[in-house]
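Here is the structure we will look at, set down as structure tokens.
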Amino acid sequence: VTLHTSIRSVPGLISTESIFQKIKLMDAFLSRIRCERRAIAVCALNPHGGENGLFGDEEARIILPAVEQSRADGVNATGPLPVDTLIRRAVTGEFDGVVAMYHDQGHIPVKLIGFDAAVNITLGLPIIRTSPTHGTAFDRAWQKDKAVDPSGMVESIRMASRLADTGLAPEPG
Numbered sequence: 009v010t011l012h013t014s015i016r017s018v019p020g021l022i023s024t025e026s027i028f029q030k031i032k033l034m035d036a037f038l039s040r041i042r043c044e045r046r047a048i049a050v051c052a053l054n055p056h057g058g059e060n061g062l063f064g065d066e067e068a069r070i071i072l073p074a075v076e077q078s079r080a081d082g083v084n085a086t087g088p089l090p091v092d093t094l095i096r097r098a099v100t101g102e103f104d105g106v107v108a109m110y111h112d113q114g115h116i117p118v119k120l121i122g123f124d125a126a127v128n129i130t131l132g133l134p135i136i137r138t139s140p141t142h143g144t145a146f147d148r149a150w151q152k153d154k155a156v157d158p159s160g161m162v163e164s165i166r167m168a169s170r171l172a173d174t175g176l177a178p179e180p181g
């Protein structure tokens with residue numbers, strides 16, 4: 009839901025509306041890639057999903073209303089769910105997409121599963137935008153003594169090509 013920002017900023021940056029919009033964006037993308045079920049999991053912000061307010065109230069106050077609003081709009085959304093168990097359920101195929109509240113909440117599991125092959129697809133832009141999930145690797149670029157594995161970039165280009173070739177480029181405007 010948020011982009012690259014400090015973890016302490018996240019609670020103030022999430023809102024029911026911003027979460028709702030990201031859920032709708034994920035649903036639209038899954039529809040465009042012809043995913044029929046389109047089951048979307050929405051991450052909780054706090055450990056153990058907040059433990060009924062013990063660790064924070066963002067789940068009940070902000071996230072749950074966005075999930076409920078999405079369901080009312082016909083989206084197959086579930087949550088907020090504790091991230092530690094949600095990721096396991098997603099990996100085993102229970103969900104087709106995951107909406108995370110902040111950058112590392114979504115990226116860490118993806119990198120653990122497939123660091124070299126994982127691709128970031130930026131949704132909501134008027135162009136196709138993909139990138140390796142590992143980042144720029146400026147610390148290794150142009151360094152003769154540091155090995156660089158191009159597979160993340162190769163996979164990003166392949167994904168962009170597949171999205172373009174199948175007519176799944178973002179709609180203009």
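According to my numbering, the sequence shown is numbered sequentially starting from 9.
Think of the CB as a built atom: it goes at the ideal place given N, C-alpha and C, for glycine as much as any other residue.
It should be emphasised that the depicted structure is a prediction, and the values quoted were computed from it without experimental measurement.
*Rounded C-beta distance between LEU72 and ILE22? I'm assuming under 8 Å.*
Within the sequence shown, residue 72 is the residue found at index 64, counting from 1. Within the sequence shown, residue 22 is the residue found at index 14, counting from 1. That belief does not hold up - the Cβ atoms of LEU72 and ILE22 are roughly 12 Å apart, past 8 Å.
*Have a look at PHE28 and ILE121 and give me their C-alpha separation to the nearest angstrom.*
Residue numbering aside, residue 28 sits at position 20 when the sequence shown is read from its first letter. Residue numbering aside, residue 121 sits at position 113 when the sequence shown is read from its first letter. When only Cα atoms are considered, PHE28 and ILE121 end up about 27 Å apart.
*Supposed contact pair CYS51 and GLN151 - C-beta distance, whole angstroms, cut 8 Å*: Reading the sequence shown from its first residue, position 143 is the one you call residue 151. Reading the sequence shown from its first residue, position 43 is the one you call residue 51. For a cut-off of 8 Å, the C-beta gap from GLN151 to CYS51 is around 36 Å, too long to register as a contact.
_Using DSSP's beta-bridge definition, name the partner residues of ASN128._
Residue mapping note: residue 128 aligns to position 120 of the sequence shown, counting from 1. In the DSSP output, where bridge partners are listed per residue, ASN128 has SER139.
_Cβ-based burial, ILE70 [other Cβ within 10 Å; buried from 16]_ = The residue labelled residue 70 in the question sits at position 62 within the sequence shown. In this structure ILE70 is buried. Its beta-carbon is surrounded by 16 or more other beta-carbon atoms within 10 angstroms.
*Under the three-state DSSP convention, the category LEU89 falls into*: In the sequence shown, counting from the first residue as 1, residue 89 sits at position 81. LEU89: strand per DSSP, three-state reduction.
*Among ARG79, ALA80, LEU89 and VAL83, which one has its Cα closest to the Cα of ALA68?*
In the sequence shown, the residue the question calls residue 68 occupies position 60. Checking every option, the nearest Cα to that of ALA68 belongs to LEU89.
_Buried or exposed, going by whether 16 or more other CB atoms sit within 10 Å of the CB of ASP7?_
Any question about residue 7 goes unanswered here, given that the chain covers just 9 to 181.
*Which value, in whole angstroms, describes the spacing of the CA atoms of ASP153 and ALA125?*
As a first step, residue 153 must be located in the sequence shown, where it is residue number 145. As a first step, residue 125 must be located in the sequence shown, where it is residue number 117. Spanning the alpha carbons of ASP153 and ALA125 requires a straight line of approximately 23 Å.
*Return the chain-ordered list of same chain residues with a C-beta closer than 6 Å to the C-beta of GLY101, the five sequence neighbours on each side being excluded.*
Taking the sequence shown and counting its residues from 1, one reaches residue 101 at position 93. Cβ within range, chain order: n/a, list empty.
*Sufficient close CB pairs (3 or more, under 8 Å) joining the stretch 81–100 to the stretch 43–50*: For the pair of segments examined, the stretch 81–100 was found to touch the stretch 43–50: the number of CB pairs separated by less than 8 Å reaches three.
*Is it buried or exposed for SER164, if we count other Cβ within 10 angstroms and need 16 for buried?*
In the sequence shown, counting from the first residue as 1, residue 164 sits at position 156. Buried: at least 16 other Cβ atoms inside 10 Å.
*Could you spell out where the beta strand (DSSP E) holding GLY114 opens and where it closes?*
What you label residue 114 is simply residue 106 of the sequence shown in a count that begins at 1. Here GLY114 belongs to no beta strand (DSSP E); instead the alpha helix (DSSP H) covers 111–122.
*asked:* Report the start-end ranges of each beta strand (DSSP E) in the stretch 44–70 that is 3 residues or longer and not cut off at the edges.
replied: Runs found: 48–51.
*How many whole angstroms separate the CB atoms of PRO106 and LEU94, which I take to be in contact at a CB cut-off of 8 Å?*
If you number the sequence shown from 1, residue 106 lands on position 98. If you number the sequence shown from 1, residue 94 lands on position 86. In the sequence as presented, Pro is not what sits at residue 106; that position holds Val. That pair is a contact at about 7 Å.
*At what residues does the beta strand (DSSP E) containing VAL106 begin and finish?*
For the purposes of this step, residue 106 is taken as the residue at position 98 of the sequence shown. It spans 105–107 - the beta strand (DSSP E) in which VAL106 sits, taken as one unbroken run.
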